[in-house]
Every structure is written in structure tokens, then in C-alpha cells.
Amino acid sequence: MNDLQDDRETVRGEKTAASEDRSGPADWTPREIVRELDLYIIGQDDAKKAVAIALRNRWRRRQVEEELRDEILPNNIIMIGPTGVGKTEIARRLARLSGAPFIKVEASKFTEVGYVGRDVESMVRDLVDISVNMVRGEREDAMRGPAEERVEERLLDMLLPPVAREPEPSAVPAGPPGPSQDRPAGGPAPRTFVVSATGEAQAQAQEQAQAQAQERAAEEHAAGTEATPSRRRRTREKLRALLRDEKLEERTVEVEVSESSVPLLDMNAPGMEGLDWNVGEVLQDMLPKKTRRREVTVAEARRILLSEELDRMVDMDEVIDEALERVENMGIVFLDELDKVAGERGSAGGIDVSREGVQRDLLPIVEGSTVPTKYGLVDTDHILFIAAGAFHVSSPSDLIPELQGRFPIRVELRSLNADDFARILREPKNALLSQYTALVATEGVELRFTEEAIRELARIAAEVNERMENIGARRLHTVLTTVLEQVMFDLPDPDAESVIEIDGTFVRDRLQGIAEDEDLRRYIL
């Protein structure tokens with residue numbers, strides 16, 4: 173227990189020192205944030221600036237006095253633009269940069285409280301779950317070194333079980349049962365007289381023989397007790413080296429694993445989701461867990477034991493406290509398809525429980541309220557909400573006025589053209605061409621794209637978007653997959669060349685007929 177506490181204190185001290193001297197993404201200026209977003213997203217400068225300012229304002233809020241800090245609320249954002257232009261990617265990259273708990277939800281999937289479906293408070297509960305898992309993962313990573321050391325020792329104990337301590341040898345060699353066994357404990361051994369045929373006592377010779385036997389037994393025992401631990405230590409170190417070299421992974425050992433005898437029962441009845449409880453979890457906490465011994469490989473045992481050690485070493489109370497604090501001060505909720513709930517009346521003239529009712533349920537959460545979760549109460553005052561929608565049929569003005577007022581920042585994302593598509597294929601970090609090049613490289617073949625091929629891919633993707641539904645940059649994935657379909661199918665081919673070059677002619681041959689035929693274009697691209 174003391175070692176466990178020391179490990180926790182060491183990790184806690186390292187985290188405190190790191191937090192006092194940190195200059196990570198959370199401290200970046202808006203220009204630095206936009207520069208980082210440029211590595212992954214092409215164009216949409218207005219949207220990048222808006223989210224960069226919102227992220228920097230969180231750092232600025234932490235620097236002001238506490239009395240004023242609670243009064244500074246985040247400027248929630250609405251992104252307006254067609255699908256596939258980068259709305260979701262901007263929010264996702266922003267969350268990764270800041271290390272903040274992030275959740276993406278679709279507003280159209282919510283219904284008014286009391287009706288069948290998910291109520292809007294569930295997104296806050298899901299955000300807390302994400303935050304708890306995030307913080308726990310960080311703590312486990314910090315504790316992984318000490319935990320792996322403990323697992324190694326436990327595996328060595330399984331491979332080389334400790335020997336029970338042998339009883340101390342008796343001062344008198346065991347002999348046939350007789351009166352000598354009835355002597356008082358600790359008393360002197362009675363003298364044994366051997367009577368010769370002539371009747372003379374030979375006690376002295378017998379005593380000398382006994383003394384010599386006792387001395388030999390003591391010497392042998394001393395030599396054995398000194399040699400056995402030494403041999404075991406050498407054997408243990410040899411096994412340790414084999415373990416670290418992963419040469420014992422297939423050897424089997426027995427481990428104790430805990431099992432739950434309680435089935436998983438979810439309470440998802442209409443109107444009861446807000447209780448946010450699980451009958452199985454409650455019963456598991458109340459009833460003792462069963463354990464049974466399993467014979468597993470060393471590799472599997474290492475995984476099981478590591479999970480057990482991390483569970484013991486990570487303080488879940490601290491994890492929950494930090495997770496709740498992160499949600500309240502750093503959480504980001506991305507509300508997609510907000511335009512789908514814009515509108516006041518249903519088809520029959522009545523209130524639509526999945527439209528205006530959802531908006532009214534969203535209002536208190538976006539304004540700031542307290543949401544109960546299984547980990548505790550969560551204040552949503554300082555959670556950043558980023559909403560997005562195409563708003564083709566409706567407009568932001570169709571939202572209820574109170575909800576409009578809670579999204580003061582509105583940015584419009586423009587549609588992408590052929591030039592943008594060419595940049596998307598070429599410039600971003602981990603771009604689509606880089607992904608396919610890496611996949612083909614696993615077959616020992618180098619895949620190259622000429623500049624003409626890139627321009628041709630971009631042109632065809634833009635044309636298909638204009639003639640059909642505009643799905644933005646997602647069209648590139650469909651087009652590129654169609655172009656490389658035969659290449660990906662033929663590999664690995666022993667007769668294939670070591671370098672496959674994709675040029676403009678190759679792209680046109682694969683796509684021209686499909687792009688010009690309306691039926692093929694509709695169902696393939």
C-alpha cells in the first residue's frame with residue numbers, strides 16, 4: 173500500500189510541475205491556432221478565425237480575477253454551409269488541439285423530454301463519460317511504468333512459485349519410536365546404552381556417532397539454505413530477461429479473473445433516460461464479484477494483470493473530480509444538423525416534438541444550467557457550443573429567438589471548387605493521396621500521382637458535385653476509390669511493377685465514361 177501511495181504521489185508531482193510550466197496548444201494565440209488548423213483544413217478562414225478566438229478566450233478567462241471570471245460566458249458559434257466543406261472537421265481538430273472533452277451530436281436525433289427518443293441532456297452526460305475516459309487514460313499512461321513493473325513481478329511469481337519455508341532440522345536425528353520421544357521439550361537427550369554380547373556398556377562410542385551425524389546434518393542444511401535462494405535469484409533473473417524479450421509469450425499460467433454474475437440491464441424506457449442509471453452497474457457494486465482461475469498465455473495474463481494493477485493504482489475520485497472540472501471549463505459540444513430542428517409547426521399544424529420542443533429543451537442547457545449525471549452535477553455555463561447546418565430550406569432566423577440569442581457568432585462556409593479540391597488532395601497533413609500511397613506501399617509498390625492526375629481528379633469531383641448533390645470534399649473519396657479500384661484489386665501481383673504512376677490519361681480512362689453517363693454517375697460516383 174505504501175508503494176502504491178508513493179507511485180501516486182510521484183505522478184501527481186510530475187503533473188503539477190508540468191501544469192506550472194506548460195506552453196501547449198491551450199496557450200496558443202489565435203494566429204497559431206489558425207496555422208495549425210491550416211495543416212488539416214483548406215480554406216474557410218472566417219470559420220477558423222471564429223473558433224480560434226473562442227479557444228483563446230478560454231485562456232483569457234482563466235487569467236482574470238475569479239470574481240469576474242464566472243461572468244464571462246463563451247461566445248457560441250453557428251457555422252452555416254453545405255455538407256463536406258469542413259464544419260465538423262474544424263470543431264474536431266479544435267478539440268484535439270485544446271485537449272478538451274469533445275462530443276458531436278445530431279440535433280435531429282433528439283426529442284422533447286417525455287417522448288420516445290433521446291432527450292437533450294443526454295449529450296452532457298455523454299460528454300462527461302468522454303471526459304472521465306480521457307482523464308483516466310492520461311492517469312493510466314502516467315502509471316503504466318510502475319504498473320508494468322508490478323505485473324512483471326507477478327508473472328515471475330507465477331512462472332517460478334516461491335517455495336514454502338522448510339522446518340528447522342531437529343537437534344536429534346529421527347529414530348525409532350521409543351522412550352526418547354516422550355522427553356520434555358528442550359530437555360537433554362537421554363543417553364543411549366548399547367549392550368555388547370559381553371554385557372559391557374558402550375555409551376561413549378554411541379554419543380560420538382550421534383554428535384558427528386548432527387554436525388553433518390547442520391552443515392548440509394546450512395549449505396542448502398545458502399545455495400537455494402542464490403539459485404532461485406539467478407533463475408528469476410533469467411526468466412525476467414526472457415519475459416522482457418517476449419520469449420515466453422506462449423507459455424501458459426493460471427490467473428484469477430473476476431466475473432460478474434449480474435446481467436447488463438439498461439433502463440431506456442421513455443422518460444426515464446434522465447435517471448442515467450444502469451441496474452446491472454448498481455447490482456455489480458452491491459454484490460461481491462466471483463473469481464475463477466483461468467489458464468491463459470503469458471501475453472494474455474500480462475494484459476489481465478496490467479488492467480488489474482491500473483485499476484488499483486488510479487484514484488477514480490481524483491479522475492472524476494478532474495473530469496467534471498474539464499467538462500465545465502473546457503467542454504466542447506458540436507451540434508450538427510441544427511437546421512433540421514428549425515421551424516415552429518409540425519405537418520399537422522401542432523408543435524413538433526422533434527423541432528420546436530427540442531429547441532426549447534436546448535435553450536436552458538446552452539444558456540447555462542445544472543445537469544445531473546452519475547458522476548455528479550455539471551454546470552453548463554462555460555461549455556462551448558458550436559452548431560452547424562446547411563440551412564438550405566430554413567435559415568437561422570427560423571430558430572426560436574431565445575436560442576438565436578445564445579449563438580451570437582455566425583460564420584458562413586463557402587462551397588468548394590476544383591482548385592480547393594486539388595489543394596485538399598495535395599496539401600493537408602495525412603491527405604487522401606498520402607493515405608492511399610501508404611496503403612499500396614504495404615504491398616511493396618510505390619504509388620505516384622502526377623500533377624495532371626491531381627487536377628483531373630479535382631475537376632471531375634467538382635463537375636459531379638455540380639450535376640448532382642453537392643457533398644463537398646467527400647466526393648473526392650468516391651472518385652479516388654473508383655480510379656484505384658483495379659489497382660487495389662490486383663495487388664499483390666508478382667508481375668506488377670515496383671512503381672505505379674497515375675497520370676491524367678489514367679484518370680480520364682477510368683472516369684470519363686462514368687462521369688458523362690447520368691445513371692452511372694448517380695449510382696457509382
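Residue numbers (the numbering used here): 173 to 697. C-beta atoms are modelled at their ideal positions from N, C-alpha and C, and glycine is treated no differently.
Practice task
Pick out whichever of Asn637, Val636, Ala625, His649 has its Cα sitting closest to the Cα of Asp681.
Solution key: Ala625
Worksheet item: At a cut-off of 7 Å, is Leu266 close to the ligand SAM when judged by its beta-carbon and the heavy atoms of the ligand?
Response: Within the structure as shown, the ligand SAM is missing, as the structure has no ligands at all.
What are the boundary residues of the beta strand (DSSP E) that Gly698 is part of? The shown model of the chain, from 173 to 697, leaves out residue 698, and the question about it has no answer.
- Message: For Arg627, would you say it is in contact with chain C, using Cβ-to-Cβ distances shorter than 8 Å as the test?
- Response: The structure shown has no chain C; it contains just one protein chain.
Need the endpoints of the beta strand (DSSP E) that Val300 sits in, please. Here Val300 belongs to no beta strand (DSSP E); instead the alpha helix (DSSP H) covers 294–331.
Could you say if the segment 305–321 and the segment 473–484 meet the contact criterion of at least three C-beta pairs nearer than 8 Å? yes
*Neighbourhood of Arg326 by C-beta distance below 7 Å, restricted to the same chain and skipping five residues each side*: Leu477
**Request:** Let me know if Gln658 comes out buried or exposed under the rule of 16 or more other beta-carbons within 10 Å of its beta-carbon.
**Result:** exposed
Who are Met251's beta bridge partners in DSSP? Ala560, Val583
On a CA-only basis, which of Thr201, Gly253, Thr400 is nearest Val565? Give me that one, please.
Gly253
Would you kindly work out how many angstroms separate the C-alpha atoms of Arg647 and Ala633, rounded to a whole number?
-> 6 Å
Ordered along the chain, which non-local residues of its own chain (more than five positions away) have a Cβ less than 6 Å from that of Pro600?
Tyr212
Helix, strand or coil at Glu673 according to DSSP, with G and I counted as helix: strand
Kindly identify the DSSP beta-bridge partner or partners of Leu611.
None; Leu611 has no bridge partner.
Fill in: Arg203 - partner residues in DSSP beta bridges
BP columns for Arg203 are empty, so no partner.
TODO: Kindly indicate which residue of Asp199, Leu604, Glu237 has the alpha-carbon position closest to the one of Trp231.
DONE: Asp199
### Message
Rounding to the nearest angstrom, what Cα-Cα distance links Glu422 and Leu299 in this structure?
### Response
40 Å
What did DSSP end up calling Ile275 once you bin it into helix, strand or coil? strand
**Item:** Local Cβ density within 10 Å of Ser368, reported as buried at 16 or more and exposed below that
**Value:** Only weak support is given to the placement of Ser368: the predicted model assigns it a pLDDT of 44, under 50, and the question is left unresolved by the model.
_Phe661, buried or exposed, once every other Cβ within 10 Å from all chains shown has been counted against 16_ = exposed
(Q) Please identify the residue among Arg631, Thr654, Leu656 whose C-alpha is closest to the C-alpha of Gly644. (A) Arg631
- Message: Please classify Met485 as buried or exposed, where buried requires at least 16 other C-beta atoms within 10 Å of its C-beta.
- Response: buried
- prompt: In terms of residue numbering, what span does the beta strand (DSSP E) encompassing Leu652 cover?
  reply: Note, Leu652: premise wrong, no beta strand (DSSP E); alpha helix (DSSP H) at 646–655.
Practice item. Report the rounded CA-to-CA distance for Ser569 versus Arg527, giving the unit in angstroms. Key: 14 Å
* To do: Keeping to the same chain, check which residues put their C-beta closer than 8 Å to that of Leu332; ignore five residues upstream and five downstream.
  => Arg404, Thr407, Arg408, Leu411
Taking Ala473 and Leu507 to be in contact with their CB atoms under 8 Å, please state how far apart those CB atoms are, rounded to whole angstroms.
-> Wrong, their Cβ atoms sit about 45 Å apart, outside the cutoff.
| task | Assess, as a yes-or-no matter, whether the segment 244–264 is touched by the segment 223–230 under the definition of 3 or more beta carbon pairs within less than 8 Å. | result | yes
Tell me whether Arg412 sits in a helix, a strand or coil according to DSSP, three-state version.
helix
Whose C-beta lies closer than 8 Å to the C-beta of Ala562 among residues of the same chain, with five residues either side of it excluded? Ile252, Gly253, Pro254, Thr255, Asp511
Selection from Ile275, Arg297, Arg290 that minimises the alpha carbon distance to Thr545
Arg297
Discussion item. For a test of the three-state rule: what should DSSP assign to Thr370, helix, strand or coil?
Written reply: With a pLDDT of 45 at Thr370, under the threshold of 50, the modelled position of that residue is not reliable, and no figure is offered here.
Candidates Ala610, Val499, Gly309, Pro664: which alpha carbon is nearest Asp551's? Val499
**OP:** Using 10 angstroms around the beta-carbon of Pro273, count the other beta-carbons present and answer buried if the total reaches 16, otherwise exposed.
**Re:** buried
DSSP three-state label for Gly419, please. Looking at the sequence provided, one finds Lys at residue 419 rather than Gly. Coil.
Checklist entry - Using a Cβ-Cβ cut-off of 6 Å (strictly less than) and excluding sequence neighbours within five positions of Asp218, which residues of its own chain qualify? => result Val583
(message) Whole angstroms are fine: how far does the CA of Thr653 sit from the CA of Ser567?
(response) 35 Å
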